[in-house]
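So the sequence shown is residues 1 to 200, counted in UniProt numbering.
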Amino acid sequence: MQKSFRSRALKGVFAIALVSGFTLAAQAALNFTNTITGQPLDLTEAMPEGRDTEAVKKFLATGVNLYLENPTCLAKGKDLFTSMCSGCHGHYGEGKIGPGLNDSYWTYPKNMTDQGLFETIFGGAQGQMGPMYGALTLDDMLLVMAWVRHIYKDDPKDAVWLNPTQRAAFKPFNEKEDHTPPVEQAPVCKVSTANAAGLK
1 MQKSFRSRAL KGVFAIALVS GFTLAAQAAL NFTNTITGQP LDLTEAMPEG
51 RDTEAVKKFL ATGVNLYLEN PTCLAKGKDL FTSMCSGCHG HYGEGKIGPG
101 LNDSYWTYPK NMTDQGLFET IFGGAQGQMG PMYGALTLDD MLLVMAWVRH
151 IYKDDPKDAV WLNPTQRAAF KPFNEKEDHT PPVEQAPVCK VSTANAAGLK
């Protein structure tokens with residue numbers, strides 16, 4: 001009887017994992033590929049938490065990151081970037097042992113698009129850039145991407161990841177004018193229903 005219960009429990013866990021994987025695959029209307037190999041990325045490798053946010057659902061379906069230039073979310077993106085990425089890419093994306101991320105030159109040109117940048121973060125690239133799906137949730141990745149886009153310091157006309165309204169309002173980043181509050185003092189990161197319904 002003990003063995004039968006354990007067997008049923010394992011089947012139940014497997015079924016939940018399978019359904020969760022199918023749900024994630026169904027949300028992904030885009031084809032996500034590894035930056036180096038071009039092989040499809042397995043999004044079911046992502047951590048279970050952070051998969052069902054409005055931002056993740058929208059991004060997987062359309063490639064649009066609802067956190068871009070959302071002032072309520074920048075502090076969280078900065079905090080994640082500082083703890084997970086700045087050791088290699090510099091505090092403001094200026095580059096260290098990893099490439100700079102705050103100008104219009106991209107080591108991997110596909111990173112000019114949010115889909116490409118996500119693929120590099122999720123699946124890794126060359127050198128020290130390993131896959132981050134074990135360290136960041138899908139939602140965390142989008143927040144980090146929003147911060148990377150926010151610290152862009154070159155001409156906004158080259159910022160193809162911004163929609164026309166965002167591009168018109170965008171000012172190249174100046175770290176001396178960075179007033180992003182510490183994450184514990186920042187407002188709660190929110191995506192408005194208008195954003196969720198239809199950016200781009």
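Backbone N, C-alpha and C fix where the C-beta goes; we use that ideal spot for every residue, glycine too.
{"Query": "Extent of the continuous alpha helix (DSSP H) to which D114 belongs", "Result": "114-123"}
{"Query": "G123 burial status per 10 Å Cβ neighbour count (16 or more: buried)", "Result": "buried"}
{"Query": "Simplified DSSP state of L101, which is helix, strand or coil", "Result": "coil"}
{"Query": "Distance between beta carbons of L66 and T180, contact taken as under 8 Å", "Result": "T180 to L66, Cβ: 18 Å. No contact."}
{"Query": "Meets three-Cβ-pair contact criterion under 8 Å: the region 111-131 and the region 142-154", "Result": "yes"}
{"Query": "Closest Cα partner of residue 208 within the set H89, D79, G98, G63", "Result": "Only positions 1 to 200 of the chain appear in this structure, which leaves residue 208 out of reach."}
{"Query": "Where Q128 falls, given that 16 or more other Cβ within 10 Å makes a residue buried", "Result": "exposed"}
{"Query": "Rounded C-alpha distance that separates C88 from G98", "Result": "5 Å"}
{"Query": "Length-filtered (4 minimum) alpha helix (DSSP H) runs lying within the region 154-191", "Result": "164-169"}
{"Query": "Burial state of Y92 (16 or more Cβ within 10 Å)", "Result": "buried"}
{"Query": "Nonlocal neighbours in the same chain, by C-beta distance under 7 Å from A125, ignoring five residues either side", "Result": "T35, I36, Y108"}
{"Query": "Backbone secondary structure at P71 - three-state DSSP", "Result": "coil"}
{"Query": "Pairwise C-alpha distance: S86 and K96", "Result": "8 Å"}
{"Query": "Of the listed residues L41, E49, D139, N111, nearest to V191 (C-alpha basis)", "Result": "D139"}
{"Query": "S83 versus P182, L43, D52, residue with shortest Cα-Cα distance", "Result": "P182"}
{"Query": "Alpha carbon of N174 to alpha carbon of T44, nearest angstrom", "Result": "38 Å"}
{"Query": "Straight-line Cα distance separating R167 from E184", "Result": "29 Å"}
{"Query": "For P40, the three-state DSSP class (helix, strand or coil)", "Result": "strand"}
{"Query": "Cα-Cα separation between L60 and N102, rounded to whole angstroms", "Result": "24 Å"}
{"Query": "Exposure label - N31; buried when at least 16 CB within 10 Å", "Result": "exposed"}
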